[in-house]
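So for the sequence shown, full-length UniProt numbering puts the first residue at 1; every next one is plus one. The beta carbon of each residue, even a glycine, is placed where N, CA and C say it ideally should be. Just so it is clear, the structure is predicted and the values come from calculations on it, not from any experiment. This report refers to the structure that appears directly beneath it.
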Amino acid sequence: MPDMSAPYRSTRYRPRKKDLHVTFEHFYRVDLFMETLDKQIHELDCRFSEQSIELLSLGSTLCSKKINIDHIVLLVEKYYPTDFTEQERNQLVCQLETFQVERINNAKVCRLLLTLPVSTATIERGFSAMKIFKNRLRNKMSDENLANSMVIYIEKEIADKFDSESIIEEFKGLKAIEMRDGSWMHAPESAVGHRKRKKEDDKFKMGPAMYEACMT
1 MPDMSAPYRS TRYRPRKKDL HVTFEHFYRV DLFMETLDKQ IHELDCRFSE
51 QSIELLSLGS TLCSKKINID HIVLLVEKYY PTDFTEQERN QLVCQLETFQ
101 VERINNAKVC RLLLTLPVST ATIERGFSAM KIFKNRLRNK MSDENLANSM
151 VIYIEKEIAD KFDSESIIEE FKGLKAIEMR DGSWMHAPES AVGHRKRKKE
201 DDKFKMGPAM YEACMT
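Below is the structure:
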């Protein structure tokens with residue numbers, strides 16, 4: 001970075017006598033920055049009308065960081081007279097003053113901001129765990145299986161407290177049901193009862209003879 005107080009020497013043209021007192025700061029501020037800024041302002045003036053520029057300027061006051069009540073009231077009265085009733089325009093000042101006070105002391109927003117990093121970290125952990133389970137070789141894993149695997153992986157501290165032997169004994173105590181492909185799997189008592197009730201309902205609706213014919 002050049003020394004801003006040092007004399008500036010142009011390499012594009014032959015230096016003049018007055019250029020001997022020009023510093024780097026003067027060159028960047030006056031000859032470069034100000035000139036560019038003037039060109040941008042000129043382009044904006046040619047592109048937008050005076051009314052459009054005023055509307056954009058007043059619209060910028062809606063930002064909550066630099067809210068200006070007078071400008072918002074002027075914006076409503078000048079550009080949106082038919083959208084607000086007289087009563088709403090009269091209440092607007094009081095509402096804006098209340099908003100200006102409450103927006104700083106909004107406890108709910110503060111709590112949301114404080115919990116945002118925690119929520120973000122939880123989501124990142126979830127995606128990180130999903131990459132481990134649902135890889136290229138297991139990309140057809142069902143959503144239920146994926147969700148159960150991720151819960152066990154993420155909540156390792158809780159999962160470590162469970163005894164494997166007790167889980168095996170509980171699984172042994174479940175009754176077996178026949179699947180469509182002829183295989184067998186263990187199911188809770190409620191599932192077996194549900195299938196039994198369904199068979200009884202089908203038998204009642206179809207009749208004993210028709211039901212036996214369909215089952216054979």
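Open item on the list: What does the Cβ neighbour count give for M150, buried or exposed, with the cut at 16 atoms within 10 Å?
Closed with: Position 150 of the sequence shown, counted from the first residue, corresponds to residue 150. That one is buried.
TODO: Go ahead and pull the three-state DSSP assignment for T98.
DONE: For the purposes of this step, residue 98 is taken as the residue at position 98 of the sequence shown. Taken through DSSP and simplified to helix, strand or coil, T98 comes out as helix.
TODO: For the alpha helix (DSSP H) holding E144, just list the boundary residues, first then last.
DONE: Here residue 144 refers to the residue found at position 144 of the sequence shown. Unbroken alpha helix (DSSP H) run through E144: D143 to I154.
Task: For T82, the three-state DSSP class (helix, strand or coil) - done: Here residue 82 corresponds to residue number 82 of the sequence shown, with the count starting at 1. Three-state DSSP puts T82 in coil, outside helix and strand.
Open item on the list: Between the alpha carbons of A6 and K39, how many angstroms are there, rounded?
Closed with: Within the sequence shown, numbered from 1, the residue matching residue 6 stands at position 6. Within the sequence shown, numbered from 1, the residue matching residue 39 stands at position 39. Taking the straight line from one Cα to the other gives about 27 Å.
Open item on the list: Assuming T23 is part of the alpha helix (DSSP H), what are its boundary residues?
Closed with: Here the question's residue 23 lines up with position 23 in the sequence shown. Note, T23: premise wrong, no alpha helix (DSSP H); not H, not E.
Task: Span of the alpha helix (DSSP H) around R47 - done: For the purposes of this step, residue 47 is taken as the residue at position 47 of the sequence shown. Its alpha helix (DSSP H) spans residues E35 to R47.
- [ ] Flag this pair as yes or no: are the beta carbons of L92 and L75 separated by less than 7 Å?
- [x] For the purposes of this step, residue 92 is taken as the residue at position 92 of the sequence shown. For the purposes of this step, residue 75 is taken as the residue at position 75 of the sequence shown. The criterion of a C-beta distance shorter than 7 Å is not satisfied by L92 and L75.
Task: CB contact flag (L146, K134, <7 Å) - done: Start at 1 with the first residue of the sequence shown, and residue 146 comes out as number 146. Start at 1 with the first residue of the sequence shown, and residue 134 comes out as number 134. Going by C-beta atoms, L146 is nearer than 7 Å to K134.
Task: Element boundaries [alpha helix (DSSP H), containing F171] - done: In the sequence shown, residue 171 corresponds to position 171, counting from 1. S164 to K172 is the extent of the alpha helix (DSSP H) around F171.
Task: Residues of its chain near Q100, where Cβ-Cβ distance is below 8 Å and the 5 sequence neighbours each way are ignored - done: For the purposes of this step, residue 100 is identified with residue 100 of the sequence shown, where counting begins at 1. Here the set comprises I67 and I69.
Task: Residues near M4 by beta carbon distance below 6 Å, same chain, minus five either side - done: Position 4 of the sequence shown, counted from the first residue, corresponds to residue 4. Result list for M4: F24 and E25, in chain order.
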